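Student: What follows is a structure written as structure tokens; I'll ask about it next.
Residue numbers (this note's numbering): 6 to 234.
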């Protein structure tokens with residue numbers, strides 16, 4: 006995904022219609038207010054009505070949260086960076102992600118707006134419920150897995166917002182640097198935002214970070230081959 010010029014100020018116009026255009030923008034608190042109470046209710050329902058133990062809920066919740074990081078990587082790499090050939094396909098990719106690469110500091114489009122977010126979340130819940138039913142014979146596990154998955158999304162999108170809006174806190178500079186390299190130098194690298202683990206696994210770290218990892222691996226091998234005196 007390449008643009009001749011990247012704008013650190015301003016905002017892309019996605020639709021001619023003002024109402025449709027308004028549906029493409031949101032603020033973080035709107036999304037938090039949608040999903041945090043709903044997540045809490047689903048987990049409460051899973052414990053009090055479906056009778057899942059707190060230990061089981063905790064385990065499956067964090068498994069789903071971890072699964073999000075893999076989903077995030079593949080969605081970013083293969084869906085958001087899909088190389089469309091038709092004009093319609095290019096328009097869709099631009100609406101969903103391309104505009105963010107052209108205007109990376111547009112804070113109103115760092116969180117997915119409520120209308121498309123609710124539609125996609127409903128589809129995701131249906132898929133999770135169906136998968137749970139096919140695998141276990143009941144869809145009840147979706148009431149735990151979905152909140153964990155959505156919490157992973159909220160962590161991801163919050164970090165993404167912070168990366169584009171604020172200076173990096175101490176200890177997280179590498180994550181900030183990776184994502185800025187993705188935007189300004191290597192758009193086909195660094196697809197992980199909330200975690201770099203899958204960039205390491207699938208060899209898509211930016212060149213600078215890959216060199217650091219290889220250096221660490223080399224030092225480790227050197228230590229392993231040293232014989233004790």
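Think of the CB as a built atom: it goes at the ideal place given N, C-alpha and C, for glycine as much as any other residue. Just so you know, these numbers come straight off a predicted model, no measurement behind them.
Counting beta carbon pairs with one atom in the stretch 79-94 and one in the stretch 171-183, are three or more of them shorter than 8 Å?
Tutor: Pairwise C-beta distances place the stretch 171-183 out of contact with the stretch 79-94, as fewer than three of them are shorter than 8 Å.
Student: Report the three-state DSSP secondary structure of residue 205 (helix, strand or coil).
Tutor: The residue given as residue 205 occupies position 200 in the chain shown. Annotated three-state conformation of residue 205 is helix, per DSSP.
Student: Using three-state DSSP, classify residue 127 as helix, strand or coil.
Tutor: On the chain shown, position 122 is the one that residue 127 refers to. For residue 127, the three-state secondary structure derived from DSSP is helix.
Student: For residue 139, which three-state DSSP category applies?
Tutor: Translated into the one-based positions of the chain shown, residue 139 becomes position 134. Residue 139 falls in the helix class under three-state DSSP.
Student: Answer with yes or no whether the minimum CB distance from residue 168 to chain B is below 8 Å.
Tutor: Going by chain labels, chain B is absent from the structure shown, which holds only one protein chain.
Student: In whole angstroms, give me the CA-to-CA distance for residue 173 and residue 25.
Tutor: Numbered from 1 along the chain shown, position 168 holds the residue referred to as residue 173. Numbered from 1 along the chain shown, position 20 holds the residue referred to as residue 25. About 34 Å.
Student: Would you report the Cα separation of residue 139 and residue 150, rounded to the nearest angstrom?
Tutor: Here residue 139 is taken as the residue at index 134 of the chain shown, counted from 1. Here residue 150 is taken as the residue at index 145 of the chain shown, counted from 1. Between the alpha carbons of residue 139 and residue 150 lies a distance of about 15 Å.
Student: How big is the Cα-Cα spacing for residue 66 and residue 74?
Tutor: Walking along the chain shown from the start, residue 66 turns up at place 61. Walking along the chain shown from the start, residue 74 turns up at place 69. Between residue 66 and residue 74, the C-alpha separation is close to 13 Å.
Student: If you measure between the beta carbons of residue 44 and residue 155, is that distance less than 8 Å?
Tutor: Against the chain shown, residue 44 aligns to sequence position 39. Against the chain shown, residue 155 aligns to sequence position 150. Going by C-beta atoms, residue 44 is nearer than 8 Å to residue 155.
Student: Please go through the same chain and pick out, in chain order, the residues whose beta-carbon is closer than 8 Å to the beta-carbon of residue 125, but skip the five residues on each side of it.
Tutor: Here residue 125 refers to the residue found at position 120 of the chain shown. Counting only Cβ-Cβ distances below 8 Å, and skipping sequence neighbours, we find 117.
Student: Spatial neighbours of residue 1 within its chain, please: CB distance less than 6 Å, with the 5 preceding and 5 following residues excluded, ordered by chain position.
Tutor: Here the chain comprises residues numbered 6 to 234, so residue 1 is not present and cannot be evaluated.
Student: Could you pull out every residue in the same chain whose Cβ sits closer than 6 Å to the Cβ of residue 191, ignoring the five residues on either side in sequence?
Tutor: Numbered from its first residue, the chain shown carries residue 191 at position 186. Answer for residue 191: 211, listed in chain order.
Student: Does the Cβ of residue 142 have 16 or more other Cβ atoms within 10 Å, making it buried, or fewer, making it exposed?
Tutor: Looking up residue 142 in the chain shown gives position 137. Result: exposed.
Student: Cα-Cα, which of 120, 114, 153 is closest to residue 133?
Tutor: Translated into the one-based positions of the chain shown, residue 133 becomes position 128. Nearest C-alpha to residue 133: 153.
Student: Determine the direct distance from the alpha carbon of residue 157 to that of residue 13, and round the result to whole angstroms.
Tutor: In the chain shown, residue 13 corresponds to position 8, counting from 1. In the chain shown, residue 157 corresponds to position 152, counting from 1. Answer to the nearest angstrom: the Cα atoms are 27 Å apart.
Student: What did DSSP end up calling residue 231 once you bin it into helix, strand or coil?
Tutor: Working through the chain shown from its first residue, we reach residue 231 at position 226. Residue placement at residue 231 cannot be trusted, given a pLDDT of 39 that sits under 50; what the coordinates show is reported in the next sentence. In the structure shown, residue 231 sits in coil (DSSP, three-state: anything other than H, G, I, E or B).
Student: Starting from residue 307, trace the alpha helix (DSSP H) both ways and give me its first and last residue.
Tutor: A question about residue 307 goes unanswered here, because the residues of the chain that appear run from 6 up to 234.
Student: Is the CB-CB distance between residue 114 and residue 104 below 8 Å?
Tutor: As a working note, residue 114 is residue 109 in the chain shown. As a working note, residue 104 is residue 99 in the chain shown. A contact, by the Cβ cut-off of 8 Å.
Student: At 4 residues or longer, what runs of the alpha helix (DSSP H) sit wholly inside the stretch 63-99?
Tutor: Those alpha helix (DSSP H) runs which fall completely within the stretch 63-99 and span 4+ residues are 92-98.
Student: From 147, 23, 37, pick the residue whose C-alpha is nearest to that of residue 159; which is it?
Tutor: Along the chain shown, one-based indexing puts residue 159 at 154. Comparing Cα-Cα distances from residue 159 to each of 147, 23, 37, the minimum goes to 37.
Student: Which residue's Cα is closest to the Cα of residue 209: 193, 60, 11, 144?
Tutor: Here residue 209 is taken as the residue at index 204 of the chain shown, counted from 1. Shortest Cα-Cα distance from residue 209 to any of 193, 60, 11, 144 involves 193.
Student: Could you compute how far the alpha carbon of residue 15 sits from the alpha carbon of residue 107?
Tutor: As a position in the chain shown, residue 15 is number 10, starting the count at 1. As a position in the chain shown, residue 107 is number 102, starting the count at 1. Computed Cα separation, rounded: 10 Å.
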